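Worksheet for the structure shown next.
Number of protein chains: 2
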Amino acid sequence: MSSISAIMTKQETAIDPPENKISSSTPFNFEAYMVKKAKSVHKALDMAVTLKHPEKIHEAMRYSLLAGGKRVRPVLCIAACELVGGDESTAMPAACAVEMIHTMSLIHDDLPCMDNDDLRRGKPTNHKVFGEDVAVLAGDSLLSFAFEHIATSTPLDKVPARQVVRAVGELARVIGAEGLVAGQVVDIDSEGATNVGLDQLEFIHIHKTAKLLEGAVVLGAIVGGGSDEDVEKLRKFARGIGLLFQVVDDILDVTKSSEELGKTAGKDLVADKVTFPKLMGIEKSREYAERLIKEAKEQLAGFDQEKAKPLIALADYIAYRQN
Amino acid sequence: MSSISAIMTKQETAIDPPENKISSSTPFNFEAYMVKKAKSVHKALDMAVTLKHPEKIHEAMRYSLLAGGKRVRPVLCIAACELVGGDESTAMPAACAVEMIHTMSLIHDDLPCMDNDDLRRGKPTNHKVFGEDVAVLAGDSLLSFAFEHIATSTPLDKVPARQVVRAVGELARVIGAEGLVAGQVVDIDSEGATNVGLDQLEFIHIHKTAKLLEGAVVLGAIVGGGSDEDVEKLRKFARGIGLLFQVVDDILDVTKSSEELGKTAGKDLVADKVTFPKLMGIEKSREYAERLIKEAKEQLAGFDQEKAKPLIALADYIAYRQN
Chain A
1 MSSISAIMTK QETAIDPPEN KISSSTPFNF EAYMVKKAKS VHKALDMAVT LKHPEKIHEA
61 MRYSLLAGGK RVRPVLCIAA CELVGGDEST AMPAACAVEM IHTMSLIHDD LPCMDNDDLR
121 RGKPTNHKVF GEDVAVLAGD SLLSFAFEHI ATSTPLDKVP ARQVVRAVGE LARVIGAEGL
181 VAGQVVDIDS EGATNVGLDQ LEFIHIHKTA KLLEGAVVLG AIVGGGSDED VEKLRKFARG
241 IGLLFQVVDD ILDVTKSSEE LGKTAGKDLV ADKVTFPKLM GIEKSREYAE RLIKEAKEQL
301 AGFDQEKAKP LIALADYIAY RQN
Chain B
324 MSSISAIMTK QETAIDPPEN KISSSTPFNF EAYMVKKAKS VHKALDMAVT LKHPEKIHEA
384 MRYSLLAGGK RVRPVLCIAA CELVGGDEST AMPAACAVEM IHTMSLIHDD LPCMDNDDLR
444 RGKPTNHKVF GEDVAVLAGD SLLSFAFEHI ATSTPLDKVP ARQVVRAVGE LARVIGAEGL
504 VAGQVVDIDS EGATNVGLDQ LEFIHIHKTA KLLEGAVVLG AIVGGGSDED VEKLRKFARG
564 IGLLFQVVDD ILDVTKSSEE LGKTAGKDLV ADKVTFPKLM GIEKSREYAE RLIKEAKEQL
624 AGFDQEKAKP LIALADYIAY RQN
């Protein structure tokens, strides 16, 4: 543990927030926005996955899906939809689908044959409570249900079917062997390896983290009726904050305690995982994070700045969060 | 092993085929049809999942996906599409998606934490070759890729986007907590239980086997442009042959050797799994199978009988197969 405490600092956030985080004139109450949206998302998820027969599998799905979490991905989806002119109800099925995918990836990543984690969001992991077999199945079930939910709950009177098909394709690409799975498989391969470079580290995080954040934003933009140009700008924005998310996570992992994080701190060091602080040092990691947030925000320059506030605030939140 | 050999018989098929299996006047070369269609499906799958970076995961996906198998599900999908007036190329993405789902369910069911099988189609199971972690991920990847493939490869100039959305919803329902997963979770629960009844056994098999066969046929009918009435008739047909498939599987499991089956015979008895022969005896199981095929074929009565031949022959094949 001495190597961990050696690089621990006293500051609260991974990188220093600017004096005045939000530069625009009208104030934006980010906390109230997040609480409101997260509540809507939670309610929609609660209604989407009910406790029906066979109860055990639905209980396992609900256990992880409704465990809380900050709902960053679904809120990003809704915010992107609203930015291009859509509304919350139009985005909700896609937003819920993205959260289902996020949850399934956590359940499977935590399995004994993968990262073997006992704790997630301060609670025992899914397989610890329901057993490995049910945890694998709960993940499979959330994965397929995400697609069922988009396909059967997106309002076809507001979203042309062709856009729903496009959203399904985008979401699927985010998950598979060119998305989350690619990241996890390269991550597993790199554990304990001595020759992992920055390229490989970025590959892992782009695929494990950034792709799903990208999916969340892109799906919101698609179902919201954004133009191809809108979708591509928002894709770049999301890629940037996706990578930022992981850089900040890595910095927090070495600077915060387990209690503050709600998961085992320093685990990346113990497990011999490569991280940004390990590869480039903690100061260079912070500089990198600063550059990522700046470039991400530049993508939003062409949009209505009033409507862009939630996404700007979300980017700030990801950069300056404390856990 | 004495209990297994006691109920072994010498006949080649699970139930007695009628003298003249196909009653219509023009002969139909089922074997040639199957070989031709299975070859097209294999080629399409081979092209859909190529060996790209990260290679290990794509290799694992291809290992199970291209392991052979009779391609009953994708051929059912194509045959249903052709019956309602579509063509093979229209059905192919859906047909491949169904086979990807079938393959992922086998990979996950074989895992040590599930059925713990070492052998599948005469080859070592996926986790035996690639490790448990990669096997879980290969399954996840095939599951999401099935949706990507339908969404991005179905020709939108032939199939209205709304029908593609409907197909995605149908396929997803077949997999999750109301489909394959529901069957597997109730199956796991019933192992070693003493009070498993016919209702529960049928629930398991309808969900583990019949649902995906139903999905195959229904997806074919949807992308082929079938009317709602066509789709529902074909759904009933598929449900019947789906249950038939499992009844025949159970009979074969107690009457054939491992070598003939290409998997461990008598495994259901050893694992204390409930089966139709165990619950109703081998003769009553055969009678049940006879009734199921008769009722399934009745659903095809209203269609062009020439075009219905492949589906009738497929039903016969499922009933009278030897492994």
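So the protein sequences, as listed, match chains A and B.
In this text, residue positions in the first sequence follow my numbering: the first is 1, and each later residue adds one.
In this text, residue positions in the second sequence follow my numbering: the first is 324, and each later residue adds one.
Idealized CB from N, CA, C, for every residue including glycine.
All figures in this text were calculated on a predicted structure; none of them were measured in a lab.
Worksheet item: A:P124 bridges to which residues according to DSSP?
Response: A:L119
Practice prompt. Determine, using beta carbons only, whether A:S105 and A:Q200 come nearer to each other than 9 Å.
Written response: The answer is no: Cβ separation not under 9 Å.
Discussion item. I'd like to know whether the C-beta of A:T209 is nearer than 9 Å to at least one C-beta of chain B.
Written reply: no
Fill in: Endpoints, the alpha helix (DSSP H) within which A:R61 is located
Sequence inspection shows Met at residue 61 of chain A; the Arg mentioned does not correspond to that position. Where A:M61 is concerned, the enclosing alpha helix (DSSP H) stretches over E55 to L65.
Discussion item. For the structure I just gave you, are there three or more beta carbon pairs, one from the segment 495 to 513 of chain B and one from the segment 142 to 155 of chain A, closer than 8 Å?
Written reply: yes
Discussion item. Can you find the residues in the same chain that come closer than 6 Å, C-beta to C-beta, to A:A216, ignoring five residues on each side of it along the sequence?
Written reply: R73, L76, C77 and V98
Discussion item. Against chain A, does B:Q507 count as a neighbour if the rule is that its beta carbon must be under 9 Å from one of theirs?
Written reply: yes
Item to complete: Pull up the CB-CB distance for A:G220 and B:T475, whole angstroms please, since I reckon it's below 8 Å.
Response: Not quite, the Cβ-Cβ distance comes to about 20 Å (not below 8 Å), so this is no contact.
Practice prompt. List the residues of chain B that A:G324 touches, going by C-beta distances under 7 Å, in chain order.
Written response: In the structure as shown, chain A starts at 1 and stops at 323, and residue 324 of chain A therefore has no counterpart that could be examined.
Practice prompt. Express the C-alpha separation of A:L83 and A:R236 in angstroms, rounding to a whole number.
Written response: The question names Arg, but residue 236 of chain A in the sequence shown is Lys. Computed Cα separation, rounded: 15 Å.
Practice prompt. Could you name the residues of the segment 415 to 426 of chain B whose beta carbon sits closer than 7 Å to any beta carbon of chain A, in the order they occur along the chain?
Written response: Listed by position, the residues of the segment 415 to 426 of chain B near chain A (Cβ gap below 7 Å) amount to none.
Worksheet item: Residues of chain B with CB under 8 Å from A:A32, in chain order?
Response: None at all; the shortest Cβ gap to chain B is about 35 Å.
Item to complete: Under 7 Å between beta-carbons, which chain A residues line up against B:P478? List them in chain order, please.
Response: Neighbours of B:P478 on chain A: none; closest Cβ ~12 Å, over 7 Å.
Practice prompt. Under the assumption that B:K546 contacts B:V504 (Cβ atoms under 8 Å), give the Cβ distance between them as a whole number of angstroms.
Written response: Correcting the residue identity first, residue 546 of chain B is Val in this sequence and not Lys. Their Cβ separation, rounded to whole angstroms, is 24 Å, which puts B:V546 and B:V504 out of contact at 8 Å.
Worksheet item: If we ignore side chains and look at the alpha-carbon of each, how far apart do A:G69 and B:D572 end up?
Response: So the alpha carbons of these two residues sit roughly 45 Å apart.
Worksheet entry | B:D339 classed as buried or exposed, judged by whether at least 16 other C-beta atoms fall within 10 angstroms | exposed
Worksheet item: Would B:V488 count as contacting chain A if we go by Cβ distances under 9 Å?
Response: yes
Item to complete: Rounded to whole angstroms, what's the CA-CA distance from A:V136 to B:T448? Just pull it up for me.
Response: 17 Å
Practice prompt. Starting from the beta carbon of B:K379, find every residue of chain D whose beta carbon is closer than 8 Å, and list them in chain order.
Written response: The chain inventory of the structure shown lacks chain D, comprising the protein chains A and B.
Worksheet item: Taking 8 Å as the line, does the beta carbon of A:V75 fall inside it for any heavy atom of the ligand MG?
Response: Although the ligand MG was asked about, the structure shown includes no ligands whatsoever.
Discussion item. Along the chain, where does the alpha helix (DSSP H) containing A:A238 start, and where does it finish?
Written reply: D228 to T255
Worksheet item: In chain order, what residues of the same chain have a beta carbon less than 8 Å from the beta carbon of A:I251, not counting five sequence neighbours either side?
Response: A14, I15, F276, P277, I282, S285, R286 and A289
Discussion item. Could you give the first and the last residue of the continuous alpha helix (DSSP H) run that contains B:H472?
Written reply: E455 to S476
Fill in: Inter-residue Cα distance where the pair is B:H425 and A:A80
For B:H425 and A:A80, the distance between alpha carbons rounds to 35 Å.
Practice prompt. Just the C-alpha distance for B:S550 and B:P478, rounded to the nearest angstrom, thanks.
Written response: Each residue's Cα considered, the two are about 19 Å apart.
Worksheet entry | Between the CA atoms of A:L111 and A:I318 - distance to the nearest angstrom | 26 Å
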